[in-house]
Amino acid sequence: ISYKNFGQIYKTDKFRVFALLRSNETGRRDYVFLLRTFSNDWKIIDNFELGIWDEMRKKYCFGSINTDLIVERKCEDKETSDIMQITEKGKIIMTSFHKQ
């Protein structure tokens, strides 16, 4: 498994959010775009698989994050989107917000 850092996308005095690409070195197209939160002393707080391309499991998802740190992910095998939010402590949790 390898990781590529696509950069910091958000920063507060309590945590930072990065976009990472995780890929399996299997020869298949298996990729995951992660949102990962870190404390300011670089300890991992949380992860969320924002985008997924997994040929073996036939799982394909894509997502986005807005300026309010609301994350939406849509997977081909589900009718409804996953809606998450990054809290003021850097945790990524399910939320009751709905895309309008």
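The C-terminal position of the sequence shown is numbered 103 in our numbering, with every residue numbered one higher than the one before it.
Glycine is no exception: its CB is placed at the ideal position from the N, C-alpha and C atoms.
Quiz item: Just the Cα atoms here: how many angstroms apart are cysteine 78 and leucine 53?
Solution: Indexing the sequence shown from 1 puts residue 78 at position 75. Indexing the sequence shown from 1 puts residue 53 at position 50. Going from the Cα of cysteine 78 to the Cα of leucine 53 covers about 10 Å.
Quiz item: With a CB to CB cut of under 6 Å and the five nearest residues on each side skipped, what residues in its chain are close to glutamate 89?
Solution: For this step, residue 89 is matched to residue 86 along the sequence shown. Contrary to the premise, residue 89 reads as isoleucine rather than glutamate in this sequence. Within the same chain, isoleucine 89 has close Cβ partners Leu72, Ile95.
Quiz item: With distances taken from CA atoms, which of Leu24, Val20, Asp16 is nearest isoleucine 4?
Solution: Within the sequence shown, numbered from 1, the residue matching residue 4 stands at position 1. The residue with the shortest Cα to Cα distance from isoleucine 4 is Leu24.
Quiz prompt | Burial state of cysteine 66 (16 or more Cβ within 10 Å) | solution = Taking the first residue of the sequence shown as 1, we reach residue 66 at position 63. Correcting the residue type first, residue 66 is glycine in the shown sequence and not cysteine. Looking at its Cβ environment, which holds 16 or more other Cβ atoms inside 10 Å, glycine 66 is buried.
Quiz prompt | Pairwise C-alpha distance: aspartate 80 and threonine 40 | solution = Residue numbering aside, residue 40 sits at position 37 when the sequence shown is read from its first letter. Residue numbering aside, residue 80 sits at position 77 when the sequence shown is read from its first letter. Using only the alpha carbons, I get a separation of about 27 Å.
Exercise. Give the secondary structure of threonine 70 by DSSP, where H, G and I count as helix, E and B as strand, and everything else as coil.
Key: Within the sequence shown, residue 70 is the residue found at index 67, counting from 1. Reduced to three states, the DSSP call for threonine 70 is coil.
Self-check item: Nearest to cysteine 64 (by Cα), restricted to the options Glu82, Ser42, Asn27
Solution: Here residue 64 refers to the residue found at position 61 when the sequence shown is read from its first residue. Of the listed residues, the one whose Cα sits closest to cysteine 64 is Glu82.
Exercise. Measure the CB-CB distance between lysine 17 and asparagine 43 and report whether it falls below 9 Å.
Key: Along the sequence shown, one-based indexing puts residue 17 at 14. Along the sequence shown, one-based indexing puts residue 43 at 40. Going by C-beta atoms, lysine 17 is nearer than 9 Å to asparagine 43.
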